[in-house]
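Working notes, structure below.
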Amino acid sequence: MRQVDYRGLAALDAVIDYGSFDKAAAALSITQSAVSQRIRMLENSAGELLIVRSQPPSPTEAGQRLIAHYRQVRLLEAALFERPEAGEAKPEIAIAVNADSAATWLQEAVTPLMSSGDCMLHIRLDDQDHTLTMLREGRVFGCVTSETAQVAGTTSTPLGVMRYLCVASPAFAARWFPDGMTSMAVQQAPVLEFDRKDMLQERFIAQRTGYTGHYPHHAFASSDGFVRFVEAGFGYGMLPILQCEPALKAGTLVDLTPGDYLDVPLIWHMWDIQTPFTRLLSDNVISTARKWLL
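Each residue of the sequence shown is one higher than the one before, counting from 6 in our numbering.
Shown next, in the form of structure tokens:
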């Protein structure tokens, strides 16, 4: 592809972003056939398939690279003008963060950007061990991750450590852990996990007891709801101290292993795209995280 077709890239990005050709057409104010034609022309120019026509459509590896390029160009173009003219789309920035950061310190970090209304922020949630994949694929401008791997064209900044405690309701602790957290007890007591990609509990059980086998578990992919479910006695689980400290002080939760915890270092990775919006976002993420994390 010697010359980039930005109309085609806009169509490709819209189909992936909105999840269908008809919604992409509506967003671009063109017909669905025009969207299909632009993408076919882009694929002919690239000499390879850029989008898998599935439900919803998904980009190929080459398609994802082009989408990443297109989104970076849009960010750079947005920096040329202080404010978009009436009717023009506002610049957008996508970031990926873990749910626990989103439930604790992130709101303070993004308030200046989101409250102004001059830039649209898309926040995507995933486990801190997986958000870097979104950055590497160009789906987000920046991410909060626990991974230290470097991605070409990006910079990384340590944010601090999120400390996790293993907690339960007092009644749950008395029923399932009368003798403390032992290898035998963890094979019987139900765990509440965020999802099956969440390895925190598995790591902590191995660290505390040496047990690495199967244990019963519930899964509940809601950070705020997670606290309430643990308080209700449905299971025990790992919670960041930022989130569970009020419940520990109130006595609705107890620390199952006082003095023992799991520390997860968090790192901010971002593409090297310097615009007023990206600088504001990055500076706020770094300063706010360092204010709240260990």
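Glycine included, each C-beta is placed from N, C-alpha and C at the ideal position.
If the five residues before and after A176 are omitted, its C-beta is found closer than 6 Å to the C-beta atoms of G238, all from its own chain and listed in chain order. Counting of Cβ neighbours within 10 angstroms places H274 among the buried residues, the total reaching 16 or more.
If you draw a straight line from the Cα of G24 to the Cα of P62, it comes to about 6 Å. Going by beta carbons, V57 and T65 fall inside the 8 Å limit. With fewer than three CB-CB distances shorter than 8 Å, the stretch 112-119 does not count as touching the stretch 138-150. Around the beta-carbon of G264, fewer than 16 other beta-carbon atoms lie within 10 Å, marking it exposed. The Cβ atoms of L197 and G240 sit closer than 8 Å to each other. From the listed residues E97, V156, L140, Q212, the smallest Cα separation to G122 is found for E97. L140 is classed as buried because its beta carbon has at least 16 other beta carbons within 10 Å across all chains shown. The count of Cβ pairs closer than 8 Å, one atom from the stretch 165-182 and one from the stretch 214-222, stays below three, leaving the stretches out of contact. In the three-state reduction of the DSSP assignment, T159 falls in the strand class. Burial state of P245 is buried, judged by a 10 Å Cβ sphere holding 16 or more other Cβ atoms. Under DSSP, G147 shares a beta bridge with I100, M275. DSSP places C249 within a helical segment (H, G or I) once states are collapsed to three.
Cβ atoms of G215 and A294 stay farther apart than 8 Å, at about 33 Å. For V20, the enclosing alpha helix (DSSP H) starts and ends at 11-23.
Secondary structure note for A226: it is in no alpha helix (DSSP H), with a DSSP letter that is neither H nor E. Judged by beta-carbon spacing, A29 lies beyond the 8 Å limit of A39, meaning their Cβ atoms are not closer than that value. Under DSSP, V40 forms no beta bridge with any residue. Put simply, the backbone Cα of A73 is about 43 Å away from that of A173.
DSSP places I35 outside any beta strand (DSSP E), giving it a letter other than H or E.
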